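Residue numbers (this note's numbering), protein chains in the order written: chain A, 1 to 247; chain B, 1001 to 1247. Using N, Cα and C, we set each Cβ at its ideal position, and we do this for glycine too. Just so we're clear, the structure is a prediction, and the values are computed from it rather than from any experiment. One structure is given below, encoded as structure tokens.
There are 2 protein chains.
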Amino acid sequence: MQMKAPAVTPTGLKAACSQCNLRELCLPFGLTGEEIDRLDALVATRRKVRRQHHLYSAGAPFEAIYAIRTGSFKTDVLLEDGREQVTGFQMTGEILGLDGISSETHSCNATALEDSEVCVIPFAQLEDLSRQVESLQHQFHKVMSREIVRDHGVMMLLGSMRAEERLAAFLLNLSKRFMARGYSPAEFHLRMTRDEIGSYLGLKLETVSRAFSKFQDEGLVAVHQKHIRIIDLDGLRQLLTHCAKRP
Amino acid sequence: MQMKAPAVTPTGLKAACSQCNLRELCLPFGLTGEEIDRLDALVATRRKVRRQHHLYSAGAPFEAIYAIRTGSFKTDVLLEDGREQVTGFQMTGEILGLDGISSETHSCNATALEDSEVCVIPFAQLEDLSRQVESLQHQFHKVMSREIVRDHGVMMLLGSMRAEERLAAFLLNLSKRFMARGYSPAEFHLRMTRDEIGSYLGLKLETVSRAFSKFQDEGLVAVHQKHIRIIDLDGLRQLLTHCAKRP
DNA sequence: GTATCGGTTTGATCCAAGTCAACCCTTGCT
DNA sequence: AGCAAGGGTTGACTTGGATCAAACCGATAC
Chain A
1 MQMKAPAVTP
11 TGLKAACSQC
21 NLRELCLPFG
31 LTGEEIDRLD
41 ALVATRRKVR
51 RQHHLYSAGA
61 PFEAIYAIRT
71 GSFKTDVLLE
81 DGREQVTGFQ
91 MTGEILGLDG
101 ISSETHSCNA
111 TALEDSEVCV
121 IPFAQLEDLS
131 RQVESLQHQF
141 HKVMSREIVR
151 DHGVMMLLGS
161 MRAEERLAAF
171 LLNLSKRFMA
181 RGYSPAEFHL
191 RMTRDEIGSY
201 LGLKLETVSR
211 AFSKFQDEGL
221 VAVHQKHIRI
231 IDLDGLRQLL
241 THCAKRP
Chain B
1001 MQMKAPAVTP
1011 TGLKAACSQC
1021 NLRELCLPFG
1031 LTGEEIDRLD
1041 ALVATRRKVR
1051 RQHHLYSAGA
1061 PFEAIYAIRT
1071 GSFKTDVLLE
1081 DGREQVTGFQ
1091 MTGEILGLDG
1101 ISSETHSCNA
1111 TALEDSEVCV
1121 IPFAQLEDLS
1131 RQVESLQHQF
1141 HKVMSREIVR
1151 DHGVMMLLGS
1161 MRAEERLAAF
1171 LLNLSKRFMA
1181 RGYSPAEFHL
1191 RMTRDEIGSY
1201 LGLKLETVSR
1211 AFSKFQDEGL
1221 VAVHQKHIRI
1231 IDLDGLRQLL
1241 THCAKRP
């Protein structure tokens, strides 16, 4: 019988980017060994976040950005009337919290989809160091810009694609990101519910479910609850470019 | 009979942030006089962009970001099959080109909605200077973060709002931005077509037109082609929060 | 003046996705 | 084992916005 752990725990452990196998995906990318050591000095702590708990919430003061070490998160914004829009799903090596810089206050919620661990990167110190380390500065700018480009992709998806195209794009995106992390691009486990996928894609959960079933019927993927196996990667890709060719 | 000017013209004029009445909205915000002078030294040229012409296009190499001095722009991404998604409308004091940082290549098109002028800010030099000038570094980070937050707002709009809510949100947003620039928040001229508004809002132009007509019938706004007068600002706001309360 | 053209409005119909509702899995708890 | 609860699937029906089509308006060109 285990003690209920608090939602967010400082582990006290040093983050040690230099030892981290995610460094090629994360903020240390492109840094020399010596530069990474300086970044290490600044990434003082890790923090565990239990499933369903917030890493930060909208309105909370902004102090740090976070690099995901293990696990995964969703970010969402809420309307006064309770409508939720999931703005993204983040996995290991990705950076959370950039939304907070503009107003010194977080503008969205970041929620762990499974028990997860992040590296805490105090923002003021990151700015200090990136004034000294050019490659860090540049990589940080790239990370922010990548987020902007990603957001534009989501707008494209939400504004111009049909339900099945959206889901195909979503699956292909996940596949690519799992592959980049050394996992199978063809077989993976979804950490989010149909409802959350729907919110992200601007669809209702029933529509997501139907699209999954349709893909399964057409032999594109094998769906078993949250377990996904992509059978016909090219078929999915064609759904995006080709099916789009509808007049 | 005037000579046809080229689409994009270097004017040779110094940009002179220190003299610019937009500096409170733009990159120089929060900088001391001396710091602004250093920024001036870097913002070497202005460039004129004629209506309907690109400031940059998707795929073009990234070298600089741009601050809008006069006029306005749209940014859009295109799908292979020709579908267009407008990702934003930018006005004076706003920064264009941040999408290019991540891959050294622009990922969207920026098109002038009217004859416009931008300040060219060479990016490598901006990074150099922002390593020396803390307040510039911080302001630049805020500008990027603001773009991310804005994008999340658009996702909310595209993913969770109904047609009329989207248009109301759009008008309120324009109103706020005109006000911030010293123009009337209640009466303004749209620089974009119904089709472009539709693309931005994830709607067809007919739907945009119908929503405008409905607002007019309800006495919320007076619409005369591209001329807009907001009659009932609170009514529009309620459309957003209240009408959202529909079960 | 009249023609032309891009953009806008309005009407009539259609359909993709939403809604409502029932049922079916898993998984975890007693 | 049995039950409850939270997801997920599937079906029947509704609807908001898309589509198609026609007319309208305000510019500029002739």
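Item	Value
Host beta strand (DSSP E) of F1073(B) (start-end)	1072-1078
Distance, E1114(B) Cα to R1023(B) Cα	22 Å
Closer than 8 Å to chain B by CB, L239(A)	no
Unbroken stretches of the alpha helix (DSSP H), 4 residues or longer, contained in the stretch 1146-1212 of chain B	1163-1180, 1194-1201
Neighbour-count burial assignment, S130(A), 16 or more Cβ in a 10 Å radius	buried
G30(A) - partner residues in DSSP beta bridges	The partner list for G30(A) (beta bridge, DSSP) is empty, contrary to what the question assumes.
Alpha-carbon to alpha-carbon, A1168(B) and A16(A)	48 Å
Minimum C-alpha distance to I95(A) - residue among K204(A), C119(A), H53(A)	C119(A)
Residue from Q1216(B), D1217(B), M1192(B) whose Cα sits closest to the Cα of L1205(B)	M1192(B)
Cross-chain neighbours of Q85(A) in chain B, by beta carbon under 7 Å	M1155, M1156, G1159, S1160
H138(A) at chain B interface by Cβ criterion, 8 Å	yes
From K226(A), G198(A), T105(A), residue whose alpha carbon lies closest to that of R83(A)	G198(A)
Collapsed DSSP secondary structure at S1057(B) in the structure displayed	coil
Contacts around K226(A), its chain only, beta-carbon distance under 8 Å, and the 5 residues preceding and following it disregarded	H189, L190, R191
Boundaries (first-last residue) of the beta strand (DSSP E) holding F1089(B)	1084-1091
Complete runs of the beta strand (DSSP E) confined to the stretch 1109-1133 of chain B [at least 3 residues]	1109-1112, 1116-1122
Reduced DSSP secondary structure (H/G/I, E/B, other) of R46(A)	strand
C-beta neighbour in chain B for D234(A), strict 8 Å	no
Opening and closing residue of the beta strand (DSSP E) in which R229(A) lies	227-230
Euclidean distance between Cα positions of T1241(B) and I231(A)	44 Å
Distance between beta carbons of T75(A) and N109(A), contact taken as under 8 Å	7 Å
Beta bridge counterpart(s) of L96(A) as assigned by DSSP	Y66(A)
Rounded straight-line distance, which links the Cα of S1175(B) to that of G1182(B)	11 Å
Segment limits, beta strand (DSSP E) that includes H1224(B)	1221-1224
Residue environment, M1091(B), which counts as buried when at least 16 other CB atoms sit within 10 Å	buried
Any 3 or more C-beta pairs closer than 8 Å across the stretch 208-223 of chain A and the stretch 232-239 of chain A	yes
Within chain B, the residues that V77(A) reaches when beta carbons sit closer than 7 Å	H1152, M1156
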